[in-house]
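Single-structure report; data block below.
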Amino acid sequence: MDNNKFVSEKHVKARGTFRLFGPLLILVGAGCMLVAFIDFFTLGPFEEPTLFWLFFLAMPFLFIGVVLSNLGYGGTVAKYQSREYAPVVKDTFNYLAKETKSGVKEVANAIQSGGTNSSITCRICDHDNPTNANFCNGCGEKLAQRCKKCDQINVSGARFCNHCGGTL
Numbered sequence: 544m545d546n547n548k549f550v551s552e553k554h555v556k557a558r559g560t561f562r563l564f565g566p567l568l569i570l571v572g573a574g575c576m577l578v579a580f581i582d583f584f585t586l587g588p589f590e591e592p593t594l595f596w597l598f599f600l601a602m603p604f605l606f607i608g609v610v611l612s613n614l615g616y617g618g619t620v621a622k623y624q625s626r627e628y629a630p631v632v633k634d635t636f637n638y639l640a641k642e643t644k645s646g647v648k649e650v651a652n653a654i655q656s657g658g659t660n661s662s663i664t665c666r667i668c669d670h671d672n673p674t675n676a677n678f679c680n681g682c683g684e685k686l687a688q689r690c691k692k693c694d695q696i697n698v699s700g701a702r703f704c705n706h707c708g709g710t711l
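In terms of our numbering, the sequence shown opens at residue 544 and continues consecutively.
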């Protein structure tokens, strides 16, 4: 895919803005938090903090800064993570493919053998008959149906002709 068509000029400008203001707001929030901590932990006995409100000012700055930084650097982080995970995922997939081959074959064979209908059910008496039977073993009715329009033989239980689509 052509990256220039996917990432527009607006996108590049927004990413640059996020990369500028995200860390800047984090620094402002961290500075407010640091001043508030210093004010709080350097109090004398029975003194009240005067800059405690900076804790509450720092929290929105930190939150918005982290969100903007995630938006600005998210693509770079995702590319790095995918390059880190890809070899591990490849090795895991190859290991699973090699170690589960016999189990997958057994499941595939079970599905294949279980999916075939080994009998024909009579439309009159619902008796199961061998697939090569022409007449029902339960009532003697003819298992194959002949289409009245095109005279083609159809399997028992079919509602429409396999050749012309006519009603049986």
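The beta carbon of each residue, even a glycine, is placed where N, CA and C say it ideally should be.
Every value quoted in this text rests on a predicted model; they were computed, and no experiment measured them.
With the cut-off set at 8 Å, would you say residue i and residue j are in Cβ contact?
i: A601; j: G572; result: yes
i: L711; j: C693; result: no
i: I725; j: L605; result: The chain is shown only over 544 to 711; residue 725 falls outside these bounds and no answer can be derived.
i: G681; j: H670; result: yes
i: T643; j: S662; result: no
i: A579; j: L567; result: no
Between which two residues does the alpha helix (DSSP H) containing residue i stretch?
i: I607; result: 596–642
i: T560; result: 552–584
Give me the residue from the options with the minimum Cα distance to residue i.
i: V698; options: G683, R666, N680, P566; result: R666
i: A687; options: I696, F595, Q655; result: I696
Identify whether residue i lies in helix, strand or coil by the three-state DSSP scheme.
i: I696; result: strand
i: K685; result: strand
i: F678; result: strand
i: F703; result: strand
If I follow the unbroken beta strand (DSSP E) through residue i, where does it start and stop?
i: D671; result: 671–673
i: T664; result: 662–664
Under 8 Å, with one C-beta from each stretch per pair, do the segment 628–639 and the segment 602–610 reach the 3-pair mark? no
Touch check for the segment 588–606 and the segment 562–579: three-plus C-beta pairs under 8 Å? yes
Decide if the segment 615–624 is in contact with the segment 547–562; the criterion is three or more beta carbon pairs, one per stretch, under 8 Å apart. yes
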